[in-house]
Every structure is written in C-alpha cells, then in structure tokens.
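S.K.: What the sequence shown shows, in our numbering, is residues 4 to 388, in sequence order.
No residue lacks a Cβ here, since even glycine has one placed at the ideal position from N, Cα and C.
Everything numeric in this text was worked out from a predicted model, so none of it was measured.
Input: one structure, supplied below.
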Amino acid sequence: MSILAKWCIVFAPVAALGAADAKPPAATSIPIQQIQRQAEAARKENRVDDAIRLYKKGVSVKPSWEEGWWSLGTVYYSLDRFAEARDAFRHLTAIQPGQGAPWAMLGLAEFEIKQYEQALSHLRHAADLHTGQEQSIADEANFHLALLLIRYQEYEGALKVLSLFALRNLHDPKYVEAIGIAAMRKPLLPSEVAPTDRQLIMDVGRVMYDATALRNTAVVMSAAEVGTEFKILVDKYPETPNIHYLYGSFLMFADANSGLREIKKELEVSPNHVPAMVTIAHEYIQRKDFQAALPYAQKAVEVEPRSFPARTIFGRILVEGDLDSKRGVEELEKARTLAPGSPQVRIALASAYAKMGRKEGAARERREFLKLRQEVDAAENNSSR
C-alpha cells in the first residue's frame with residue numbers, strides 16, 4: 004500500500020479542505036453531522052462498506068457536502084477502486100474548483116485507470132493552484148505529473164518537477180529512477196522500462212539527482228565530486244545516446260569550452276540530437292559567432308520542425324547575426340505559435356521586432372514577456388515552499 008493510500012485511510016476524515024469548511028450551518032447540518040459521525044466511526048472500526056454507504060447517503064442528502072465527497076473519494080482510493088474515486092473527486096472539483104487537493108486526487112485516480120491525458124491535465128491544474136494540499140498529496144501528485152510529462156516527451160518539464168525532490172534531498176529510489184528516465188529522454192513509465200535498461204537508468208538518475216541537489220546549500224557534496232560521477236558515467240557508457248550531452252550540459256556552467264567539446268561528442272553518437280544542437284548554437288550566440296551557430300540551429304529545425312527551442316535559436320541567429328532578419332522573424336513567429344506561453348520566445352521576438360523598427364509589435368511582445376515571466380516566477384516561488 005502506498006504512503007498516499009495510508010494517508011487516505013488514517014487522515015482523510017479530518018482533512019482540511021479550505022476555508023469553505025467554515026461556512027455557517029445549513030438547514031441539513033444536523034442530519035449531515037449525524038451521518039458524518041456514524042461514517043467516521045465505521046471507518047475507524049474498519050467497517051468500510053458501512054462507511055461508504057453512509058458517505059453516499061450524506062452526499063445524496065446534501066450534494067454540496069465537501070467533506071463527504073472527499074471522504075468517499077479517499078475511501079475508494081485506499082481500496083484501489085479508482086474509477087469510483089475519480090467520480091467522487093470529480094464532484095468535489097466542481098464544488099471546490101479553487102482547491103488543489105481535489106484536482107490532485109482526481110488526477111491520481113485517473114492515472115491509476117490509465118486515463119493519462121485527463122490525468123496530465125488535472126495534475127497540471129493542481130500544480131498551478133498550489134492551495135489546499137497536504138505535502139503527501141502534493142508530492143504524490145507532482146511525482147505522477149512528472150511521470151506523465153516524461154510519457155508525453157516533455158522531458159525538460161519533468162526534470163524541473165523532479166528537481167524539487169532533489170532540492171529537498173529526498174532520496175527515494177522512485178525519484179532517482181524517474182529523473183534517470185527523463186534525462187535519458189525515454190517516453191516511458193517506470194513499469195515500461197526494459198530490464199536491460201534499468202541499471203543504466205538508475206546510474207544516470209543518481210548522477211543527475213546529485214547534480215540537481217548541488218543547488219541545496221545543505222548538501223555537502225561538491226561540484227567536483229559530481230563531475231567525477233559524470234566522468235565515471237561517461238566512461239561506463241561511452242556510446243550510449245544522451246550521456247555525453249548530460250555531462251556536457253553539466254560542464255557548461257563552469258567550463259564552457261569543455262562542455263562544448265563534450266556536447267559535440269554527443270553528436271558523434273547521436274547525430275540528430277536536437278537539444279545538443281540547440282545548446283551548441285546557443286553557446287555560439289553567446290560568443291557572437293553566428294556563422295558557427297547557424298548550421299547547428301538549421302539542422303535542429305530540419306530534424307524537429309515542431310521544436311520551439313530550435314525555431315527560437317534559429318530565428319535569433321538570423322536576426323542578431325544580420326544573416327536574414329526577415330526569415331529570422333518568421334522563425335520566431337513560428338516558435339511563438341508552437342509555444343505561446345514561453346517567455347524566452349516573447350523576449351526574442353520583441354528584440355527582433357525592435358531591430359526591424361516594428362515598435363508596436365516589440366512593445367506588445369515585451370508586455371507578454373513581463374506577464375509570462377511574473378507567472379513563471381510566482382509558480383516557482385509557490386512550488387519551492
């Protein structure tokens with residue numbers, strides 16, 4: 004039984020579901036209170052069927068009974084009756100649309116019955132709300148959100164979510180494994196990883212976990228020690244795709260030349276590795292060497308036309324390097340279509356419009372950039388609490 008399921012059994016009957024619980028008693032408060040006492044007594048005495056019957060009776064008497072729907076959903080979830088749990092939490096999200104916990108539990112129940120698209124949507128929404136969630140629920144919801152982001156090939160987003168666990172120094176093997184899957188860019192759930200790949204995934208996950216944890220000042224491991232771990236990883240898996248890219252990305256922070264050399268080795272192993280090409284092109288932009296950057300960005304767009312980072316970097320090179328500003332703006336506009344919520348795309352487009360003398364467009368994109376940047380900062384501040 005998972006920690007969350009145990010939480011559902013032990014704590015759910017008294018869980019706080021937000022300020023809505025403090026509403027004045029309604030006309031049906033007395034029978035609901037009686038039903039609630041009877042249901043909680045049945046639950047404590049492990050008379051689960053009686054508890055379910057009583058909670059169902061309560062929500063039929065008072066369909067807006069928030070704690071009744073919550074308790075019914077958590078009982079079903081603890082019994083692995085996930086479809087029924089989903090239905091209960093779906094009712095609760097309609098009553099409490101601004102609370103994160105019902106959306107989180109709805110997404111978790113949907114995950115268990117393999118309704119992955121709905122689960123991804125609802126777990127994203129729960130993460131955006133950042134309200135009304137116990138830490139155990141938030142952790143479980145964020146973990147499953149990361150798994151679904153991996154499954155749908157949103158690897159960077161998954162790593163960002165999983166980094167929160169590393170920053171808290173939570174050494175659970177499931178987090179290490181998930182980071183390994185995301186870092187290796189495999190669109191798989193943990194249960195789908197081939198047995199022959201499991202050692203590789205865990206080796207990569209441990210190094211990536213340690214690299215992420217460096218940002219936690221309480222962690223005593225040094226960057227040099229993590230660098231040694233990466234070197235061991237590269238020596239163990241020299242021909243495995245993504246390994247040189249991960250090591251090179253780590254090196255870029257302290258030694259860009261070494262990082263660049265390592266990422267170019269990645270292209271020898273996997274010539275169509277778009278993130279590697281984008282990273283190399285970005286480094287050359289930093290050095291104002293637009294001619295050197297151009298072939299990497301151009302190929303990245305050819306390999307993956309729907310990659311907004313590739314379109315963005317290609318557009319920037321064409322505009323900032325005065326190679327073809329009109330084409331560059333078109334590339335940046337395509338990137339905006341692919342990722343309208345990306346602050347990086349908006350600021351790049353604002354700069355391009357300004358350079359082309361399109362003042363209104365530049366001002367509009369700057370406004371969008373500032374708005375999106377504030378939203379991102381707020382989300383990061385909330386998630387780090």
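Less than 8 Å between the CB atoms is what I'm expecting for A279 and Y287, so what's the real figure, rounded?
M.R.: For the purposes of this step, residue 279 is taken as residue 276 along the sequence shown, with counting starting at 1. For the purposes of this step, residue 287 is taken as residue 284 along the sequence shown, with counting starting at 1. That belief does not hold up - the Cβ atoms of A279 and Y287 are roughly 13 Å apart, past 8 Å.
S.K.: As a quick exercise: from D258, P274, D131, pick the residue whose alpha carbon is nearest that of E242.
M.R.: Sequence index remark: in the sequence shown, residue 242 carries index 239 (1-based). Nearest C-alpha to E242: P274.
S.K.: Exposed or buried, what is G360 when buried is set at 16 or more other beta-carbons lying within 10 Å of its beta-carbon?
M.R.: Numbered from its first residue, the sequence shown carries residue 360 at position 357. It is exposed - the Cβ of G360 has fewer than 16 other Cβ atoms within 10 Å.
S.K.: Between which two residues does the alpha helix (DSSP H) harbouring T315 extend?
M.R.: The residue you call residue 315 lines up with position 312 of the sequence shown. Per DSSP, T315 belongs to the alpha helix (DSSP H) from 311-323.
S.K.: If the criterion is Cβ atoms closer than 8 Å, does the pair K216 and A149 meet it?
M.R.: By 1-based counting over the sequence shown, the position of residue 216 is 213. By 1-based counting over the sequence shown, the position of residue 149 is 146. Looking at the sequence itself, residue 216 is Ala, so the reference to Lys does not match. No, Cβ-Cβ distance for A216 and A149 is not below 8 Å.
S.K.: Under the rule that 16 or more other beta-carbon atoms within 10 Å means buried, what is T77, buried or exposed?
M.R.: Here residue 77 is taken as the residue at index 74 of the sequence shown, counted from 1. Flag for T77 reads buried.
S.K.: With 16 as the cutoff for other CB atoms within 10 Å, does R370 come out buried or exposed?
M.R.: As a working mapping, residue 370 is identified with position 367 in the sequence shown. The residue in question, R370, is exposed, as its Cβ has fewer than 16 Cβ neighbours within 10 Å.
S.K.: Quick check for students: name the residue ranges of the beta strand (DSSP E) that lie wholly in the stretch 88-132, counting only runs of 3 or more.
M.R.: Taking only runs of at least 3 residues, no beta strand (DSSP E) segment lies wholly in the stretch 88-132.
S.K.: Return the chain-ordered list of same chain residues with a C-beta closer than 6 Å to the C-beta of A161, the five sequence neighbours on each side being excluded.
M.R.: Your numbering for residue 161 matches position 158 in the sequence shown. Answer for A161: A149, L152, I153, A185, listed in chain order.
S.K.: Between L109 and the rest of its own chain, which residues show a CB-CB distance below 7 Å, the 5 nearest in sequence each way excluded?
M.R.: For the purposes of this step, residue 109 is identified with residue 106 of the sequence shown, where counting begins at 1. Counting only Cβ-Cβ distances below 7 Å, and skipping sequence neighbours, we find R89, F92, R93, T96, H125.
S.K.: May I ask you to verify whether the stretch 300-318 touches the stretch 338-354, counting CB pairs closer than 8 Å and requiring at least 3?
M.R.: Cβ pair count under 8 Å is three or more, so yes.
S.K.: So the alpha helix (DSSP H) V272 belongs to, where does it begin and stop?
M.R.: Locating residue 272 in the sequence shown gives position 269, where the first residue counts as 1. Per DSSP, V272 belongs to the alpha helix (DSSP H) from 259-272.
S.K.: Would you call P343 buried or exposed, if buried means 16 or more other Cβ atoms sit within 10 Å of its Cβ?
M.R.: Here the question's residue 343 lines up with position 340 in the sequence shown. Burial call: exposed.
S.K.: Using 10 angstroms around the beta-carbon of P105, count the other beta-carbons present and answer buried if the total reaches 16, otherwise exposed.
M.R.: By 1-based counting over the sequence shown, the position of residue 105 is 102. So P105 ends up on the buried side.
S.K.: Between which two residues does the alpha helix (DSSP H) holding R330 run?
M.R.: The count along the sequence shown starts at 1 and reaches residue 330 at position 327. Run containing R330: 328-341, per the alpha helix (DSSP H) assignment.
S.K.: Quick one: residues in its chain with C-beta nearer than 8 Å to the C-beta of V304, no 5 flanking neighbours on either side, listed in chain order?
M.R.: For the purposes of this step, residue 304 is taken as the residue at position 301 of the sequence shown. The answer, listed in chain order, is S310, A313, R314, F317, E334.
S.K.: How far does the alpha helix (DSSP H) with Q347 in it extend, from its first residue to its last?
M.R.: Here residue 347 corresponds to residue number 344 of the sequence shown, with the count starting at 1. Note, Q347: alpha helix (DSSP H), 346-358.
S.K.: Please name the residue, chosen from K239, E228, A112, S194, that lies closest to V3 on a Cα-to-Cα basis.
M.R.: With the chain represented from 4 up to 388, any question about residue 3 goes unanswered, as that position is not in the structure.
S.K.: Mind reading off the beta-carbon distance from L123 to Y155? Whole number of angstroms is fine, and I expect it under 8 Å.
M.R.: Stepping through the sequence shown from its first residue, residue 123 is reached at position 120. Stepping through the sequence shown from its first residue, residue 155 is reached at position 152. At roughly 7 Å, the Cβ-Cβ gap stays under 8 Å, so L123 and Y155 are in contact.
S.K.: Using a threshold of 8 Å, state whether the C-beta atoms of P100 and V64 are closer than that.
M.R.: Along the sequence shown, one-based indexing puts residue 100 at 97. Along the sequence shown, one-based indexing puts residue 64 at 61. Cβ atoms of P100 and V64: not closer than 8 Å.
S.K.: Shortest alpha-carbon distance to V229 belongs to which of P244, I55, Y212?
M.R.: Taking the first residue of the sequence shown as 1, we reach residue 229 at position 226. If we check each option's Cα against that of V229, Y212 comes out closest.
S.K.: DSSP three-state call for E305: helix, strand or coil?
M.R.: Translated into positions along the sequence shown, residue 305 becomes position 302. In the structure shown, E305 sits in a helix (DSSP, three-state: H, G or I).
S.K.: Locate the alpha helix (DSSP H) running through R201, then write down its first and last residues.
M.R.: The residue you call residue 201 lines up with position 198 of the sequence shown. Looking at the DSSP string, the run of the alpha helix (DSSP H) that includes R201 is 201-216.
S.K.: Please list, in chain order, all residues of the same chain as H128 whose beta carbon is under 7 Å from its beta carbon, the five residues on each side excluded.
M.R.: On the sequence shown, residue 128 is found 125 positions in, with the first residue counted as 1. So the list reads W106, once near-sequence residues are dropped.
S.K.: Measure the CB-CB distance between K59 and L75 and report whether it falls below 8 Å.
M.R.: As a first step, residue 59 must be located in the sequence shown, where it is residue number 56. As a first step, residue 75 must be located in the sequence shown, where it is residue number 72. For K59 and L75, yes; Cβs fall inside 8 Å.
S.K.: Between E115 and F85, which are expected to be in contact by the criterion C-beta below 8 Å, what is the C-beta distance as a whole number of angstroms?
M.R.: Looking up residue 115 in the sequence shown gives position 112. Looking up residue 85 in the sequence shown gives position 82. About 4 Å separates the two Cβ atoms, so the contact holds.
S.K.: Excluding sequence positions up to five away, which residues of its chain have a Cβ less than 7 Å from the Cβ of K358?
M.R.: Position 355 of the sequence shown, counted from the first residue, corresponds to residue 358. Within the same chain, K358 has close Cβ partners V322, S328.
S.K.: Please classify K189 as buried or exposed, where buried requires at least 16 other C-beta atoms within 10 Å of its C-beta.
M.R.: As a first step, residue 189 must be located in the sequence shown, where it is residue number 186. Classification for K189: buried.
S.K.: Cα separation between P298 and A112?
M.R.: As a working mapping, residue 298 is identified with position 295 in the sequence shown. As a working mapping, residue 112 is identified with position 109 in the sequence shown. Computed Cα separation, rounded: 46 Å.
S.K.: For L132 and D175, I'd like the C-alpha separation in whole angstroms.
M.R.: Sequence index remark: in the sequence shown, residue 132 carries index 129 (1-based). Sequence index remark: in the sequence shown, residue 175 carries index 172 (1-based). Cα to Cα, L132 sits roughly 25 Å from D175.
S.K.: Residue range of the alpha helix (DSSP H) that F256 falls in?
M.R.: On the sequence shown, residue 256 is found 253 positions in, with the first residue counted as 1. Taken as a continuous stretch (DSSP letters only), F256 belongs to no alpha helix (DSSP H), as it is neither H nor E.
S.K.: Work out the CA separation of V164 and E195 for me, nearest whole Å.
M.R.: Within the sequence shown, numbered from 1, the residue matching residue 195 stands at position 192. Within the sequence shown, numbered from 1, the residue matching residue 164 stands at position 161. Cα to Cα, the separation comes out at about 20 Å.
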